[in-house]
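Chemist: Mind looking over this structure? Questions follow.
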Amino acid sequence: MTDLEELQKEIQKLKKENADLKKRKKFGLVWENKEREQGIDDGEYYPYLVKKGDDFGIENGDSNKNILIEGDNYHALQILQYTHKNKIDVIYIDPPYNIDKDLKYGDRWIRKEDGYRHSYWLSFMQKRLLLAKELLTKEGIICISIDDNEYARLKLMCDEIFPSNFIGVFTKKIAGGKNDSKTIKVNHEYLLCYGRSNKSRIRLKDEVTTKDTTRSLQKDGDEELREDRPDMWYPIYVDMKTKEISFEYKKGLLEIFPIKNDGTERRWRWEKKTAIKDVKKLCLVKGKDNFDNVKYDIHVLTPKGTKKQLPWSSFIPDYSTGGGAKLTEVLGRKIPKMYPKNLEYIKWICGLSTKESPIILDFFAGSGTTAHAVMELINDENVHITNNARYILVTNNENKICEDICYRRIKNVTTGYSYQRKNKTIEIPAINSNLEYLKLETLKYDDKRHSELDIKDFMVDKLIEIIKVKEMCFSLKKVSDFLYKFNKKDKDVYILQNIYNMTQEDYIQTKKILSESKEDTISIYTLALQNHAHYEKKVADINKNIIFEPLPENFLKLLRKIQRKKR
Ligand SMILES: C[S@@+](CC[C@H](N)C(=O)[O-])C[C@H]1O[C@@H](n2cnc3c(N)ncnc32)[C@H](O)[C@@H]1O
Numbered sequence: 002m003t004d005l006e007e008l009q010k011e012i013q014k015l016k017k018e019n020a021d022l023k024k025r026k027k028f029g030l031v032w033e034n035k036e037r038e039q040g041i042d043d044g045e046y047y048p049y050l051v052k053k054g055d056d057f058g059i060e061n062g063d064s065n066k067n068i069l070i071e072g073d074n075y076h077a078l079q080i081l082q083y084t085h086k087n088k089i090d091v092i093y094i095d096p097p098y099n100i101d102k103d104l105k106y107g108d109r110w111i112r113k114e115d116g117y118r119h120s121y122w123l124s125f126m127q128k129r130l131l132l133a134k135e136l137l138t139k140e141g142i143i144c145i146s147i148d149d150n151e152y153a154r155l156k157l158m159c160d161e162i163f164p165s166n167f168i169g170v171f172t173k174k175i176a177g178g179k180n181d182s183k184t185i186k187v188n189h190e191y192l193l194c195y196g197r198s199n200k201s202r203i204r205l206k207d208e209v210t211t212k213d214t215t216r217s218l219q220k221d222g223d224e225e226l227r228e229d230r231p232d233m234w235y236p237i238y239v240d241m242k243t244k245e246i247s248f249e250y251k252k253g254l255l256e257i258f259p260i261k262n263d264g265t266e267r268r269w270r271w272e273k274k275t276a277i278k279d280v281k282k283l284c285l286v287k288g289k290d291n292f293d294n295v296k297y298d299i300h301v302l303t304p305k306g307t308k309k310q311l312p313w314s315s316f317i318p319d320y321s322t323g324g325g326a327k328l329t330e331v332l333g334r335k336i337p338k339m340y341p342k343n344l345e346y347i348k349w350i351c352g353l354s355t356k357e358s359p360i361i362l363d364f365f366a367g368s369g370t371t372a373h374a375v376m377e378l379i380n381d382e383n384v385h386i387t388n389n390a391r392y393i394l395v396t397n398n399e400n401k402i403c404e405d406i407c408y409r410r411i412k413n414v415t416t417g418y419s420y421q422r423k424n425k426t427i428e429i430p431a432i433n434s435n436l437e438y439l440k441l442e443t444l445k446y447d448d449k450r451h452s453e454l455d456i457k458d459f460m461v462d463k464l465i466e467i468i469k470v471k472e473m474c475f476s477l478k479k480v481s482d483f484l485y486k487f488n489k490k491d492k493d494v495y496i497l498q499n500i501y502n503m504t505q506e507d508y509i510q511t512k513k514i515l516s517e518s519k520e521d522t523i524s525i526y527t528l529a530l531q532n533h534a535h536y537e538k539k540v541a542d543i544n545k546n547i548i549f550e551p552l553p554e555n556f557l558k559l560l561r562k563i564q565r566k567k568r
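Everything in the sequence shown is counted per my numbering, starting at 2 for the first residue and increasing by one.
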């Protein structure tokens, strides 16, 4: 290579380096993305669900079930991508705050001294939040508890994941703070709230006014001028004897326009047709302009006792203690080193949903405060949450937290429990509810067991469990050798299986059963590995609107792969 060639090569290299540097992110959150989590996403894992066991779960003859999933939430969120995409109304999470060894990354605990601990935490949270976002409905909201340790980084990350959909942040008083702190005794944490889209809203605070109040009908603030909305500049007339307000000119009436005290021409807040319709809410108010002349204005009257919806204060002084005591009451024993959230606080968060029957997801469920909160909200006639609201909880089983604490708590709340206070026994009545308790397992593509598995049965078994989660219904009735029907009140949903063994007569019989269905629209899951359309066509020509539900594609892909390997 000549000197010139070498120089040219060096220039090309520098140009590329320069271009790469320009491409680098210059604003926002930058961190060292950590290696994959051992046993979570460091290979080809296919999560599926199994029933925890016959001793677990709560039956209640209900076709719409609450769900508890034991296992790593990354895998649970992957399954929920199929079962609950765009279906969750509220996500509440209380993740590890990344303080002194509370973060488990794959199979290792991250130590406080680890120089990369923020990077581990961010990598851990980012992949979970990206999946979680996909589950929210268009109007859905996510609320995240966090403290000063990771607040700033989490805020930047969420700003990127939910761009332009920051709803707000609450600062919540908490107990504690160390008196031996050298500077500030910290007794607050945060609740970060984001929406899935600009349609997302939180329910406002209900208030009842305690006295009559009035507010000027003049627009005050943005676009307040006459030229901003010329159609909202119109005269309002007042009979000074009777104080009657009208909109037609008549001799002797006082004419009032929206004019500021300094003489600026403004506009009214209401369109003329609204003002005519709600004239009874309007009243005359006497005041003075900036030059001390008497000036009359039109106000809107809010009488005492009116229900109003007001914005929340960003500071939450309540609910600072009591989470641990409540858990002790419900379980009948003290759980060391557990810091559950205050039950009333989580009820308040769930109640931020504008929906009456929200589906609420908590994928760092810990002791199950969120499940307890949803049950109590449903049971309370004075709140807007009705008995169709449901929860999905996910928690790992560190120190048997899922089995011995979370599940036990849900069970005790459902059956009722008692505890002692000041030598008195307090009885807490049962809350009618239900629960399906499932456990996550994963299949690894190179798993030795594959050769021993009867793939077809395995596939059908696992798919059905996942479909049950999608329908939030775990009761399936056998209708024929090929057809199963979900025991649902609100819709007719079928699973068509063993299709490879179906004869022409079987198809005729299946079509007959389907056409006798009570509903005009029915949903069918066709458990075919390949050629869905082929099998769907065979039952499609009945007098019903049939929705052929999709199957989880990643799962099918794996099973096809295994089947090919077997051949
Ligand atoms: C701070 S606690 C939540 C406490 C909960 N809000 C309550 O009131 O009881 C976080 C919980 O998430 C669980 N957890 C941590 N990492 C997890 C993961 N990757 N998958 C599932 N659960 C996890 C922990 O076991 C812990 O119980």
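Think of the CB as a built atom: it goes at the ideal place given N, C-alpha and C, for glycine as much as any other residue.
If you're wondering where the values come from, they're calculated on a predicted model, not measured in any experiment.
Give me the residue from ASN262, GLU517, ARG37 with the minimum Cα distance to ASP221.
Modeler: Here residue 221 is taken as the residue at index 220 of the sequence shown, counted from 1. Comparing Cα positions, the closest option is ASN262.
Chemist: Near THR415, which residues of its chain fall below 7 Å by C-beta distance, leaving aside the five closest residues on each side in sequence?
Modeler: Along the sequence shown, one-based indexing puts residue 415 at 414. If the five residues before and after THR415 are omitted, its C-beta is found closer than 7 Å to the C-beta atoms of ILE59, ALA431, ILE432, SER434, all from its own chain and listed in chain order.
Chemist: Write down every uninterrupted run of the beta strand (DSSP E) in the stretch 309-373 whose length is 3 residues or greater and which is fully enclosed by it, in chain order.
Modeler: You should have 360-363.
Chemist: Determine the direct distance from the alpha carbon of LYS308 to that of ILE182, and round the result to whole angstroms.
Modeler: On the sequence shown, position 181 is the one that residue 182 refers to. On the sequence shown, position 307 is the one that residue 308 refers to. Correcting the residue type first, residue 182 is Ser in the shown sequence and not Ile. About 45 Å.
Chemist: Would LEU332 and ARG422 be called neighbours here (beta carbons separated by less than 8 Å)?
Modeler: Taking the sequence shown and counting its residues from 1, the one referred to as residue 332 is at position 331. Taking the sequence shown and counting its residues from 1, the one referred to as residue 422 is at position 421. Not a contact, by the Cβ cut-off of 8 Å.
Chemist: Short check: CB of ARG216 to CB of GLU224, under 8 Å?
Modeler: The residue you call residue 216 lines up with position 215 of the sequence shown. The residue you call residue 224 lines up with position 223 of the sequence shown. Taking 8 Å as the Cβ cut-off, ARG216 and GLU224 do not qualify as a contacting pair.
Chemist: Distance check for TYR495 and LYS545, CA to CA, integer angstroms please.
Modeler: Locating residue 545 in the sequence shown gives position 544, counting from the first residue. Locating residue 495 in the sequence shown gives position 494, counting from the first residue. Straight-line Cα distance between these residues: approximately 13 Å.
Chemist: Quick one: using the 10 Å Cβ neighbour count with 16 as the cut-off for buried, is TYR473 buried or exposed?
Modeler: Residue numbering aside, residue 473 sits at position 472 when the sequence shown is read from its first letter. Note that residue 473 corresponds to Met in the displayed sequence, not to Tyr. Buried.
Chemist: Kindly indicate which residue of LEU218, LEU226, GLU228, LEU50 has the alpha-carbon position closest to the one of ILE570.
Modeler: The displayed coordinates of the chain run from 2 to 568. Any statement about residue 570 would go beyond what the structure contains.
Chemist: If you follow the alpha helix (DSSP H) that HIS300 is in, where does it begin and where does it stop?
Modeler: Position 299 of the sequence shown holds residue 300. Careful: HIS300 lies outside any alpha helix (DSSP H), inside the beta strand (DSSP E) at 295-303.
Chemist: What does the alpha-carbon distance come out to for the pair CYS144 and ASP42?
Modeler: Within the sequence shown, residue 144 is the residue found at index 143, counting from 1. Within the sequence shown, residue 42 is the residue found at index 41, counting from 1. Roughly 25 Å between the two C-alpha positions.
Chemist: Alpha carbon to alpha carbon, how far is ASP491 from THR522? Give it in angstroms, no decimals.
Modeler: The residue labelled residue 522 in the question sits at position 521 within the sequence shown. The residue labelled residue 491 in the question sits at position 490 within the sequence shown. When rounded, the distance between both Cα atoms is 11 Å.
Chemist: Cα-Cα, which of GLU554, LYS513, PRO553, SER321 is closest to LYS539?
Modeler: Position 538 of the sequence shown, counting from 1, holds the residue named residue 539. Nearest C-alpha to LYS539 among GLU554, LYS513, PRO553, SER321: LYS513.
Chemist: Do the CB positions of ASN74 and ARG154 come within less than 8 Å of each other?
Modeler: Position 73 of the sequence shown, counting from 1, holds the residue named residue 74. Position 153 of the sequence shown, counting from 1, holds the residue named residue 154. Against a cut-off of 8 Å, the Cβ pair of ARG154 and ASN74 comes out as no contact.
Chemist: Sorted by chain position, which residues of the same chain lie with C-beta nearer than 6 Å to ILE111's C-beta, five sequence neighbours on each side aside?
Modeler: Position 110 of the sequence shown, counted from the start, is the residue given in the question as residue 111. For ILE111, where only same-chain residues beyond five positions count, the Cβ hits under 6 Å are LEU104, ARG118, TYR121.
Chemist: Taking 7 Å as the cut-off, is the C-beta of ILE402 nearer than that to any heavy atom in ligand 1?
Modeler: As a first step, residue 402 must be located in the sequence shown, where it is residue number 401. Yes.
Chemist: Using a threshold of 7 Å, is the CB atom of VAL375 nearer than that to any non-hydrogen atom of ligand 1?
Modeler: One-based indexing of the sequence shown puts residue 375 at position 374. No, the beta carbon of VAL375 sits no closer than 7 Å to any heavy atom of ligand 1.
Chemist: Determine the contact status of THR370 and GLU71, defining contact as a CB-CB distance below 8 Å.
Modeler: On the sequence shown, position 369 is the one that residue 370 refers to. On the sequence shown, position 70 is the one that residue 71 refers to. No, they are not a contact pair.
Chemist: Compare the Cα-Cα distances from SER247 to each of LYS206, SER481, LYS278 and report the closest residue.
Modeler: Numbered from its first residue, the sequence shown carries residue 247 at position 246. Comparing Cα positions, the closest option is LYS278.
Chemist: So, ILE68 versus LEU439, is the Cβ gap smaller than 8 Å?
Modeler: Here residue 68 corresponds to residue number 67 of the sequence shown, with the count starting at 1. Here residue 439 corresponds to residue number 438 of the sequence shown, with the count starting at 1. Cβ atoms of ILE68 and LEU439: closer than 8 Å.
Chemist: If you run the structure through DSSP and keep just helix, strand and coil, what is CYS569?
Modeler: Shown here, the chain extends from 2 to 568; a query on residue 569 therefore has no answer.
Chemist: Thinking GLU442 and TYR49 are a contact (beta carbons under 8 Å), I'd like their distance in whole angstroms, please.
Modeler: The residue labelled residue 442 in the question sits at position 441 within the sequence shown. The residue labelled residue 49 in the question sits at position 48 within the sequence shown. Indeed, because the Cβ distance is near 6 Å, the residues count as touching under 8 Å.
Chemist: Roughly how many angstroms separate the alpha carbons of LEU302 and LYS282, rounded to a whole number?
Modeler: Residue 302 sits at position 301 when you count from the first residue of the sequence shown. Residue 282 sits at position 281 when you count from the first residue of the sequence shown. If I take the Cα positions, the gap works out to 5 Å.
Chemist: With H, G and I counted as helix, E and B as strand and the rest as coil, what does DSSP make of ILE379?
Modeler: If you number the sequence shown from 1, residue 379 lands on position 378. Three-state result, ILE379: helix.
Chemist: Are there 16 or more other CB atoms within 10 angstroms of the CB of THR650, so buried, or fewer, so exposed?
Modeler: Residue 650 is absent from the model: the chain starts at 2 and stops at 568.
Chemist: Does LYS212 come out as helix, strand or coil in the three-state DSSP assignment?
Modeler: Looking up residue 212 in the sequence shown gives position 211. Residue state for LYS212 is assigned as coil, using DSSP reduced to three classes.
Chemist: How would you write the range of the beta strand (DSSP E) that CYS474 sits in, first residue to last?
Modeler: Translated into the one-based positions of the sequence shown, residue 474 becomes position 473. Counting along the chain, CYS474 falls outside any beta strand (DSSP E), and DSSP gives it neither H nor E.
Chemist: Rank GLU537, PHE556, LYS24 by C-alpha distance to the C-alpha of GLU550 and give the top, closest one.
Modeler: Here the question's residue 550 lines up with position 549 in the sequence shown. Nearest option by C-alpha distance: GLU537.
Chemist: Taking the alpha carbon of LYS574 as the reference point, which residue from LEU444, MET2, GLU554, SER64 has its own alpha carbon closest?
Modeler: In the structure as shown, the chain starts at 2 and stops at 568, and residue 574 therefore has no counterpart that could be examined.
Chemist: How many whole angstroms separate the CB atoms of ILE336 and LEU328, which I take to be in contact at a CB cut-off of 8 Å?
Modeler: Working through the sequence shown from its first residue, we reach residue 336 at position 335. Working through the sequence shown from its first residue, we reach residue 328 at position 327. The pair is a contact, with the Cβ atoms about 6 Å apart (cut-off 8 Å).
Chemist: Around the C-beta of SER354, are 16 or more other C-beta atoms found within 10 angstroms, so that it is buried, or is it exposed?
Modeler: Locating residue 354 in the sequence shown gives position 353, where the first residue counts as 1. It is buried - the Cβ of SER354 has at least 16 other Cβ atoms within 10 Å.
Chemist: Rank SER481, GLU466, ASP482 by C-alpha distance to the C-alpha of PHE475 and give the top, closest one.
Modeler: If you number the sequence shown from 1, residue 475 lands on position 474. Comparing Cα positions, the closest option is GLU466.
Chemist: Which residue wins for smallest C-alpha separation from VAL51, given the options ASP462, LYS139, ASP290, SER321?
Modeler: Locating residue 51 in the sequence shown gives position 50, where the first residue counts as 1. Among ASP462, LYS139, ASP290, SER321, the Cα nearest to that of VAL51 is on ASP462.
Chemist: Return helix, strand or coil for TRP122, following the three-state DSSP convention.
Modeler: Along the sequence shown, read from residue 1 onward, the residue named residue 122 stands at position 121. If DSSP states are grouped into helix, strand and coil, TRP122 belongs with the helices.
Chemist: ASP542: which of ILE361, LEU515, GLU33, PRO304 sits nearest, CA to CA?
Modeler: Along the sequence shown, read from residue 1 onward, the residue named residue 542 stands at position 541. Checking every option, the nearest Cα to that of ASP542 belongs to LEU515.
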